[in-house]
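The listed protein sequences derive, respectively, from chains Y and U.
When you line the first sequence up against the working numbering, it's residues 1 to 75, in that order.
When you line the second sequence up against the working numbering, it's residues 76 to 380, in that order.
We put the CB at the ideal spot given by N, CA and C, even for glycine.
The structure presented is a predicted model; accordingly, all values stated were derived computationally and were not measured.
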Amino acid sequence: MIYSTPSCVYCKMAKEFFAKNNVQYDEFNVASDMKAREEMVEKSQQLGVPVIDIDGNIIIGFDQKTLEDLLGLKK
Amino acid sequence: MYDLVIIGGGPAGVAAGVYAARKKMKSLLITDSFGGQSLNSAGIENWIGTKNISGYDLARALEEHLRAQADIEVVDGDFVSRVEKKDAGFSVTTKNGKKFDAKYVLVASGSRRKRLGVPGEADFEGKGVVFCTTCDAPLFGGKTVAVVGGGNSALEGVMDLIQYASKIYLMVRSESLRGDPVTQEKIKSHPNVEILWNTEITQVRGGKFVTGVNYKNTKTGENKDLALDGVFVEIGLIPNSDFVKDLAKTDAYGEIIVDHKTQESSMPGIWAAGDVADVLYKQNNISVGDAVKAVLNIYDKIKKS
Numbered sequence: 001m002i003y004s005t006p007s008c009v010y011c012k013m014a015k016e017f018f019a020k021n022n023v024q025y026d027e028f029n030v031a032s033d034m035k036a037r038e039e040m041v042e043k044s045q046q047l048g049v050p051v052i053d054i055d056g057n058i059i060i061g062f063d064q065k066t067l068e069d070l071l072g073l074k075k
Numbered sequence: 076m077y078d079l080v081i082i083g084g085g086p087a088g089v090a091a092g093v094y095a096a097r098k099k100m101k102s103l104l105i106t107d108s109f110g111g112q113s114l115n116s117a118g119i120e121n122w123i124g125t126k127n128i129s130g131y132d133l134a135r136a137l138e139e140h141l142r143a144q145a146d147i148e149v150v151d152g153d154f155v156s157r158v159e160k161k162d163a164g165f166s167v168t169t170k171n172g173k174k175f176d177a178k179y180v181l182v183a184s185g186s187r188r189k190r191l192g193v194p195g196e197a198d199f200e201g202k203g204v205v206f207c208t209t210c211d212a213p214l215f216g217g218k219t220v221a222v223v224g225g226g227n228s229a230l231e232g233v234m235d236l237i238q239y240a241s242k243i244y245l246m247v248r249s250e251s252l253r254g255d256p257v258t259q260e261k262i263k264s265h266p267n268v269e270i271l272w273n274t275e276i277t278q279v280r281g282g283k284f285v286t287g288v289n290y291k292n293t294k295t296g297e298n299k300d301l302a303l304d305g306v307f308v309e310i311g312l313i314p315n316s317d318f319v320k321d322l323a324k325t326d327a328y329g330e331i332i333v334d335h336k337t338q339e340s341s342m343p344g345i346w347a348a349g350d351v352a353d354v355l356y357k358q359n360n361i362s363v364g365d366a367v368k369a370v371l372n373i374y375d376k377i378k379k380s
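This is the structure in structure tokens:
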């Protein structure tokens with residue numbers, strides 16, 4: 001799942017990356033969803049987007065290499 | 076071996092890639108991501124040919140234009156960590172450990188955000204200290220924040236935050252703003268914005284998250300503190316030239332010194348264009364033109380050799 005804000009381009013890039021690789025995800029807009037924001041802060045111990053949670057692995061920011069490794073994708 | 080390795084995927088790198096491909100040079104472009112520093116911009120109004128384009132859309136358009144060229148290879152999601160001189164040309168190494176040989180290198184790696192360099196800044200990064208205002212401004216709804224800086228990026232940061240934060244301090248080191256007068260007026264007349272002149276942050280404080288900063292008035296020497304929920308750092312740029320510093324001469328700011336007629340650096344075989352070069356004005360449009368100039372000059376060299 002991804003925690004994002006509508007204005008964040010790195011969130012957009014991450015979502016496009018998921019779409020390109022046929023990865024299903026849930027999205028939470030932490031600009032308006034306060035419960036999701038608290039959850040994001042709890043998980044990542046910080047307040048910055050995007051935060052991506054892949055089976056409990058928390059990635060802060062759009063780090064393509066780490067995502068590829070975690071999702072078992074090969075370029 | 077490549078004729079040309081282009082380092083960077085901003086306006087300069089992409090312009091170089093398009094021209095190199097059309098000249099049928101065997102070329103490779105290596106970039107972390109496309110679009111350059113404007114990527115985060117909500118709207119660019121001076122990119123010639125478009126009235127208004129978001130940084131994201133510009134990045135997409137640049138990438139598409141580059142990938143539409145038949146004769147160019149692209150490595151993305153990676154960046155160059157080292158360039159070495161070889162007998163015939165250069166060896167380029169990336170962070171992910173890839174190595175490429177090139178006759179010529181064009182450095183178009185742009186620049187990155189400058190940091191305050193004060194205690195607490197690194198500890199609270201992402202915990203109230205923000206380097207991407209557009210991304211994180213919506214998380215500061217109803218909060219008290221400070222934007223640090225006096226240039227266009229600081230002013231745009233304030234504009235991004237006006238929609239959300241209840242109080243915005245603009246902390247400026249000097250006694251004047253450098254950004255566009257139109258934006259200056261909007262900011263100065265807004266009731267939620269207060270400009271603190273002659274201020275220099277000395278420490279970022281907090282617990283789990285930022286709770287405030289200590290700062291000095293540079294005129295009076297007086298030390299003060301300010302309670303804040305967020306600190307948005309927009310104080311300028313450092314050129315990404317570290318990986319060629321031993322080869323090409325750089326100026327006091329770390330910008331690669333080039334011959335402005337050709338864009339070639341002090342090291343024959345290495346060119347630079349865009350914000351990483353010692354150009355007087357840092358502009359997308361200028362970066363494009365300078366990169367084209369460099370590629371045409373490189374093409375002349377190849378034809379002669």
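Presumed contact (8 Å Cβ cut-off) between residue i and residue j, rounded CB distance
i, j, result
"U/Gly92", "U/Gly110", "Wrong, their Cβ atoms sit about 13 Å apart, outside the cutoff."
"U/Thr274", "U/Thr293", "7 Å"
"U/Leu79", "U/Ile373", "6 Å"
"U/Ser228", "U/Glu309", "4 Å"
"Y/Ile2", "Y/Glu42", "At roughly 16 Å, the Cβ-Cβ gap does not stay under 8 Å, so Y/Ile2 and Y/Glu42 are not in contact."
"U/Ala95", "U/Ile81", "7 Å"
"U/Val233", "U/Leu245", "6 Å"
Residue i versus residue j - alpha carbon distance
i, j, result
"U/Ala366", "U/Ile128", "21 Å"
"U/Glu231", "U/Gln338", "31 Å"
"U/Val223", "U/Ile243", "10 Å"
"U/Ser251", "U/Ile270", "10 Å"
"U/Ser249", "U/Lys160", "43 Å"
"Y/Tyr10", "Y/Ser4", "9 Å"
"U/Lys173", "U/Arg142", "21 Å"
"U/Thr325", "U/Ile332", "5 Å"
"U/Lys99", "U/Asp146", "6 Å"
"U/Arg280", "Y/Val49", "22 Å"
"U/Pro86", "U/Asn298", "43 Å"
"U/Gly124", "U/Val204", "36 Å"
"U/Cys210", "Y/Phe17", "18 Å"
"U/Tyr356", "U/Asp350", "8 Å"
"U/Val89", "Y/Asn21", "25 Å"
"U/Leu104", "U/Lys218", "42 Å"
"Y/Val23", "U/Ser116", "28 Å"
"U/Tyr77", "Y/Pro6", "41 Å"
"U/Lys178", "U/Lys189", "32 Å"
"Y/Lys15", "U/Glu148", "25 Å"
Reduced DSSP secondary structure (H/G/I, E/B, other) of residue i
i, result
"U/Gly164", "strand"
"U/Gly192", "coil"
"U/Asp198", "coil"
"U/Val268", "strand"
"U/Met342", "coil"
"U/Leu16", "Nothing about residue 16 of chain U can be read from this structure; chain U reaches only from 76 to 380."
"U/Glu138", "helix"
"U/Asn372", "helix"
"Y/Pro6", "coil"
"U/Arg253", "coil"
"U/Asp350", "helix"
"Y/Lys65", "helix"
"U/Asp326", "coil"
"U/Thr208", "helix"
"Y/Val30", "coil"
"U/Arg97", "helix"
Residue i: first and last residue of the uninterrupted alpha helix (DSSP H) it sits in
i, result
"U/Pro256", "256–263"
"Y/Ser44", "34–44"
"Y/Phe17", "9–20"
"U/Met234", "227–237"
"U/Pro314", "Looking at the DSSP string, U/Pro314 is not in any alpha helix (DSSP H); the run it does join, the beta strand (DSSP E), is 312–314."
The beta strand (DSSP E) enclosing residue i, as first and last residue numbers
i, result
"U/Gln278", "274–281"
"U/Asn127", "No beta strand (DSSP E) holds U/Asn127; DSSP gives it neither H nor E."
"U/Val80", "77–82"
"U/Ala302", "298–302"
"U/Gly305", "305–308"
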